[in-house]
Amino acid sequence: MAQDRYDDPDGAAVFGGRELPGPQAGFDPGPESEPIHLVDQILLSLPERDPARPLLYQLRRQIMERDIAHHESRRALVELEAALEKVTAPANRVGIFLGSPKDGIATVFVGGSEYYANIDPRVQPTDLKVGARVLINEAYAVVGLLGYAPVGPVARISDVLDEGRLRIGNEHGASDFVLERAAELIGVDLKVGDEVRTDPSMKVALERLPSKESREHFLEDIPPMPWERIGGQQEAIRAIRDTIELPAMHPALFEKFHYSTPKGFLLYGPPGCGKTLIGKATAYSLVQHLREEEGLEVKEYFMHIKGPEILNMWLGETERMVREIFTQARQKRKEGFLPFIFIDEAESILGTRRSTRSHNIANTVVPMFCTEMDGIESLQDVVIILASNRHDLIDPAILRPGRIDRKIKVARPNQESSHDIFGLYLTQDLPLDAAAVREHGSAEGARQAFISAATRALFARTEETKFLEVALRSGRTESLHFGDLASGALIDNIVQRAKESAIKRVIADNTIEQAGVREEDLLEAVRAEYRENEVFPPTDSVEDWLKLLDYDPENVVRVQPKTAHTEKARDRAAAGRVI
Numbered sequence: 005m006a007q008d009r010y011d012d013p014d015g016a017a018v019f020g021g022r023e024l025p026g027p028q029a030g031f032d033p034g035p036e037s038e039p040i041h042l043v044d045q046i047l048l049s050l051p052e053r054d055p056a057r058p059l060l061y062q063l064r065r066q067i068m069e070r071d072i073a074h075h076e077s078r079r080a081l082v083e084l085e086a087a088l089e090k091v092t093a094p095a096n097r098v099g100i101f102l103g104s105p106k107d108g109i110a111t112v113f114v115g116g117s118e119y120y121a122n123i124d125p126r127v128q129p130t131d132l133k134v135g136a137r138v139l140i141n142e143a144y145a146v147v148g149l150l151g152y153a154p155v156g157p158v159a160r161i162s163d164v165l166d167e168g169r170l171r172i173g174n175e176h177g178a179s180d181f182v183l184e185r186a187a188e189l190i191g192v193d194l195k196v197g198d199e200v201r202t203d204p205s206m207k208v209a210l211e212r213l214p215s216k217e218s219r220e221h222f223l224e225d226i227p228p229m230p231w232e233r234i235g236g237q238q239e240a241i242r243a244i245r246d247t248i249e250l251p252a253m254h255p256a257l258f259e260k261f262h263y264s265t266p267k268g269f270l271l272y273g274p275p276g277c278g279k280t281l282i283g284k285a286t287a288y289s290l291v292q293h294l295r296e297e298e299g300l301e302v303k304e305y306f307m308h309i310k311g312p313e314i315l316n317m318w319l320g321e322t323e324r325m326v327r328e329i330f331t332q333a334r335q336k337r338k339e340g341f342l343p344f345i346f347i348d349e350a351e352s353i354l355g356t357r358r359s360t361r362s363h364n365i366a367n368t369v370v371p372m373f374c375t376e377m378d379g380i381e382s383l384q385d386v387v388i389i390l391a392s393n394r395h396d397l398i399d400p401a402i403l404r405p406g407r408i409d410r411k412i413k414v415a416r417p418n419q420e421s422s423h424d425i426f427g428l429y430l431t432q433d434l435p436l437d438a439a440a441v442r443e444h445g446s447a448e449g450a451r452q453a454f455i456s457a458a459t460r461a462l463f464a465r466t467e468e469t470k471f472l473e474v475a476l477r478s479g480r481t482e483s484l485h486f487g488d489l490a491s492g493a494l495i496d497n498i499v500q501r502a503k504e505s506a507i508k509r510v511i512a513d514n515t516i517e518q519a520g521v522r523e524e525d526l527l528e529a530v531r532a533e534y535r536e537n538e539v540f541p542p543t544d545s546v547e548d549w550l551k552l553l554d555y556d557p558e559n560v561v562r563v564q565p566k567t568a569h570t571e572k573a574r575d576r577a578a579a580g581r582v583i
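Residues 5 to 583 (this note's numbering) are what the sequence shown spells out, left to right.
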């Protein structure tokens, strides 16, 4: 009886209702798989219950396993041959693309030499950019692109030549280089003194780097600083506002009188009295007036330069930094910013020149600074603000009219001014002691009482607060008290001490709900501040100390440090009693 036969879709033969094992998934029978077909033919010819069928099935499985192993071995061999070919093939060279003199040809720099190379047709000519890295095969043909090198030497431009070329000065005495520009630098306004990154072979300038000194001096985030946030310096603020704001509000009137806007200011006075704050407020105020009154879209670019930071032991480096600062300021002005060059501790770099045989840094820095200032037209160009504790040490050539036109003294605050400064630091949202608020009827009443008490304690003139006796030529003797050392920075520190005392008390008592500053916290902060600042001048620097104290030393013949006269007075001071 004939038995039905059909082929399964997976490749297994079905005979007499029974399925013969087919090839595994992914197995492609080829000429070498014919023994399997012969076994299948034999199985089809045998009866269903023939005892040879199990042996044939076993034979068929072994043949399939052998064929599969054979195919896997051949595939592994092909992969090994490909890997061997890859690791034994010669390496491609990496070159720098310098240009394309004509279609299909490239000028490349490889291994210290230039080559006139062919370009692989598979490489798009539009993707080739001057200064980019390219792959070079054995025949020195361009076969691939690698883009720009992410690293490379940094050089400083000493001259800008024609056709966009750049002359790179070597600071160590070796020969200079002339570089081409990368595609990204074509059309970029490069100047002498700019830093550029080149390719490793020093053939092409790849990118312009921002000046390190400019980044250090530039303050990107300047909080709004209106004049109202500066306390106790009304006279200095009025002088600056008249200089800045009046010409902006009445330009026609000032032009009618042929008024020349000043180029810069000198802020001088004791340390900690707000010179830096006034400088920032000047920048903020001038920019606001240019926006509101003249409709100019400008933004302040405040460069805070600390004089000692740009001092350098190498000859000419400080002068270079001064030149770069002014160059950066002028460049930012062209970009729409209004640059402010604020030089703190100006006497350290602009000191009086001396006629000595040995080199003095002021002998070269001062002329460089004068030259740069002479290139500034007015406050509409670049604003120069100098700050100094010892303005008498600054070279007169810097301070002459036409360069620094306004000299504004930032004096120590008196008792009334200190009251205003306390009000700025003891803000209305500061938590105050609940008992004091009830006693004074309101939080504002308690705040004003605290401010008055702290101000009185700060300016108390008692034996405990006396720290210096000054003998004058006239025979009169004056006493300086701790209140004569008052400054905005000192008042800020007093308030911070009071806050710290309140926080410690809350932590110790675990009374967060009743947290608040007390009057005793401020009074103890005043005493603690003076105890930590009992620094007396040595006899050989009396004049310097008196100048920093804002005291005229001209008629002084002797100074005598004073402390608590008796042990009892010392004990009272240590116990925190205010007389």
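Each residue gets a CB set at the ideal place from its N, CA and C atoms; glycine is no exception.
- Judged by beta-carbon spacing, I282 lies beyond the 8 Å limit of I248, meaning their Cβ atoms are not closer than that value.
- Shown here, H75 sits in a helix according to DSSP, grouped into three states.
- Residue pairing for L436: DSSP places it in a beta bridge opposite V521.
- Looking at Y429, L50, S421, the one whose alpha-carbon comes closest to that of Q237 is S421.
- When rounded, the separation of the alpha-carbon atoms in T280 and V441 is 35 Å.
- Scanning L290, E167, V370 for the CA closest to the CA of L342 turns up L290.
- G278 sits close to G492, with the two beta carbons spaced by under 8 Å.
- Taken through DSSP and simplified to helix, strand or coil, R201 comes out as strand.
- Unbroken alpha helix (DSSP H) stretches of 4 residues or longer found wholly inside the segment 476-533: 492-513, given in chain order.
- Following the DSSP letters along the chain, one finds Y120 inside the beta strand (DSSP E) bounded by residues 117-122.
- Rounded to the nearest angstrom, the Cβ distance from S352 to G311 is 4 Å, consistent with a contact under 8 Å.
- Take G103, set aside five residues on each side of it, and the residues of its chain with a beta-carbon closer than 7 Å to its own are T111, V134, in chain order.
- Between V146 and A121, the C-beta gap is smaller than 8 Å, which places the two residues in contact.
- Where T459 is concerned, the enclosing alpha helix (DSSP H) starts and stops at 447-462.
- Excluding residues up to 5 positions away in sequence, L494, N497, I498, R501 lie with their Cβ nearer than 8 Å to the Cβ of E533 in the same chain.
- Comparing alpha carbon positions, the residue from L526, A529, D525, I507 closest to A519 is I507.
- A Cβ-Cβ distance of about 6 Å is found for the pair I140 and N96, placing them in contact under the 8 Å criterion.
- With respect to the 8 Å criterion, G156 and P204 are classified as neighbours on the basis of their beta carbons.
- In this model, R334 and V387 are separated by some 11 Å (Cα to Cα).
- Looking at the DSSP output, T111 sits in a beta bridge with G103, Y120.
- L430 is positioned such that its CB atom lies closer than 8 Å to that of R451.
- By the beta-carbon neighbour count (other beta carbons within 10 angstroms, threshold 16), L257 is exposed.
- Nearest Cα to P58 within the set E211, D44, E69: D44.
- T286 and A447 have their C-alpha atoms roughly 33 Å apart.
- Annotation: P230 to G151 spans about 49 Å, alpha carbon to alpha carbon.
- For the set A439, L315, G235, S264, the Cα lying nearest the Cα of G276 is the one of G235.
- The C-alpha of L489 lies about 15 Å from the C-alpha of I425.
- When rounded, the separation of the alpha-carbon atoms in T130 and G99 is 17 Å.
- Annotation: R242 to D166 spans about 51 Å, alpha carbon to alpha carbon.
- If you draw a straight line from the Cα of E517 to the Cα of K470, it comes to about 40 Å.
- In this structure the segment 370-379 touches the segment 310-330; the number of beta carbon pairs closer than 8 Å is three or more.
- If only uninterrupted alpha helix (DSSP H) runs of at least 4 residues are considered, those enclosed by the segment 260-336 are 279-296.
- With distances taken between CA atoms, N559 lies nearest to E482 out of E504, R509, E482.
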